[in-house]
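Let me begin by presenting the structure, written as structure tokens, before commenting on it.
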Amino acid sequence: MSGLTYPRYTANDGIVDEARLALGDMLVDAIEAVGEIMLHVRREALVDVMRVLRGQMQYQQLMEIAGIDYPEREERFEVVYCLLSLTRNHRIRVHVQTDDRKPVPSLTGLWPVAGWLEREVFDLYGVLFSGNPDLRRILTDYGFRGHPLRKDFPQTGYVELRYSEEEKRVVYEPVKLAQDFRSFDFTSPWEGGAYVLPGDEKVPEAKGAPTPLKADEVKR
49 MSGLTYPRYT ANDGIVDEAR LALGDMLVDA IEAVGEIMLH VRREALVDVM
99 RVLRGQMQYQ QLMEIAGIDY PEREERFEVV YCLLSLTRNH RIRVHVQTDD
149 RKPVPSLTGL WPVAGWLERE VFDLYGVLFS GNPDLRRILT DYGFRGHPLR
199 KDFPQTGYVE LRYSEEEKRV VYEPVKLAQD FRSFDFTSPW EGGAYVLPGD
249 EKVPEAKGAP TPLKADEVKR
């Protein structure tokens, strides 16, 4: 016994070549990196790709659907499907690209669980899925504005909610911060930063010993 406790998976040997042969021109690129296999496929062929992977290549389970945002790309979003083969003891990922206008074909006809997972990606990234019978928000509130996992979504959001005792209901209000975001430069506290903090200019220099020199001012 080697003492290993983590689960072992089948090696990737031959998987990429098998996928290329099975998917043909539906496959854009196949990448093997850090022990994982990524299949980039054409968006419009997604359902046919998944049908081949589930039937012919025996990846029976859809484990997760995730989103990635690359704002600099023309098609800024990647939708990532994580598949598991119980018979082969192997995992694989399928990637498609889209934007906030072109819908991705829904996989609810192959895996009913995809309905919930697609709703998460729609809610957090704004990716549309054609054929999903119930495409609505699932994690944020119904009146939520925007999609919080987009890279251009503000960290504070747009509105905040609270319970109003006066109105006896939850109310939405514009975000109000007690102070602006602070930028920390991690300068050594013994040397101090080369700037004046707000309010320090009003404080007269105290009498007594002079301020110690900074490290780069010491004559050697």
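So the sequence shown is residues 49 to 268, counted in the working numbering.
Just so you know, even glycine gets a beta-carbon here, dropped at the ideal spot from N, CA and C.
Let me make sure I understand the geometry here. Which of the options has the alpha-carbon closest to that of residue i?
| i | options | result |
| --- | --- | --- |
| V149 | Y118, V95 and S178 | As written in the sequence, residue 149 is Arg, which differs from the Val given in the question. Per the Cα distances, S178. |
| R124 | G205, E214, P222 and L197 | L197 |
| Q108 | L75, H143, R139 and L87 | R139 |
| L76 | R68, V161 and L209 | Per the sequence shown, the amino acid found at residue 76 is Val instead of Leu. Of R68, V161 and L209, the residue nearest in Cα terms is R68. |
| E92 | T204, R102, D73 and R217 | D73 |
| Q145 | Y129, Q106 and E213 | Y129 |
| I113 | E213, Y190, T188 and L172 | L172 |
| R99 | Y57, L158, L165 and E66 | L158 |
| R56 | G115, N137 and I116 | N137 |
| E122 | D147, D189, L101 and I116 | D147 |
| N180 | Y190, V161 and K216 | V161 |
| T135 | D189, T204 and T58 | T58 |
Which residues in the same chain as residue i place their Cβ atom closer than 7 Å to its Cβ, once the five residues preceding and following it in sequence are excluded?
| i | result |
| --- | --- |
| V64 | A78, E80 and I85 |
| F192 | R185 |
| P119 | K199 and D200 |
| V97 | L71, M74, V89 and V142 |
| S133 | Q106, Y107 and Q108 |
| E208 | E221 and V223 |
List the whole-angstrom C-beta distance separating residue i from residue j, where the pair is believed to meet the contact cut-off of C-beta under 8 Å.
| i | j | result |
| --- | --- | --- |
| V155 | L110 | Here residue 155 turns out to be Leu, not Val, going by the sequence shown. Correct: roughly 7 Å between the Cβ atoms. |
| Y206 | V223 | 7 Å |
| G174 | H195 | 4 Å |
| V169 | V127 | 6 Å |
| L165 | L131 | Incorrect: roughly 12 Å between the Cβ atoms, too far for contact. |
Return the CA-CA distance between residue i and residue j, expressed in angstroms with no decimal places.
| i | j | result |
| --- | --- | --- |
| R270 | L183 | Here the chain comprises residues numbered 49 to 268, so residue 270 is not present and cannot be evaluated. |
| V152 | L176 | 6 Å |
| Q104 | L225 | 55 Å |
| V82 | P202 | 33 Å |
| E66 | D117 | 29 Å |
| E221 | Y211 | 11 Å |
| G62 | L87 | 14 Å |
According to DSSP, is residue i helix, strand or coil?
| i | result |
| --- | --- |
| G163 | helix |
| F170 | helix |
| E126 | strand |
| M49 | Note that M49 scores 49 on pLDDT, short of 50, meaning its location in the model is unreliable; the coordinates nonetheless yield the value given after this. The answer is coil: DSSP assigns M49 none of H, G, I, E or B. |
| V223 | coil |
| R210 | strand |
| V82 | coil |
| D65 | helix |
| D96 | helix |
| L158 | coil |
| L75 | strand |
| A114 | strand |
Spatial neighbours of residue i within its chain, please: C-beta separation below 8 Å, excluding the five flanking residues on both sides.
| i | result |
| --- | --- |
| L187 | E168, D171 and L172 |
For residue i, I'd like the list of residues in its chain whose CB is within less than 6 Å of its CB, leaving aside the five on either flank, ordered along the chain.
| i | result |
| --- | --- |
| T204 | V223 |
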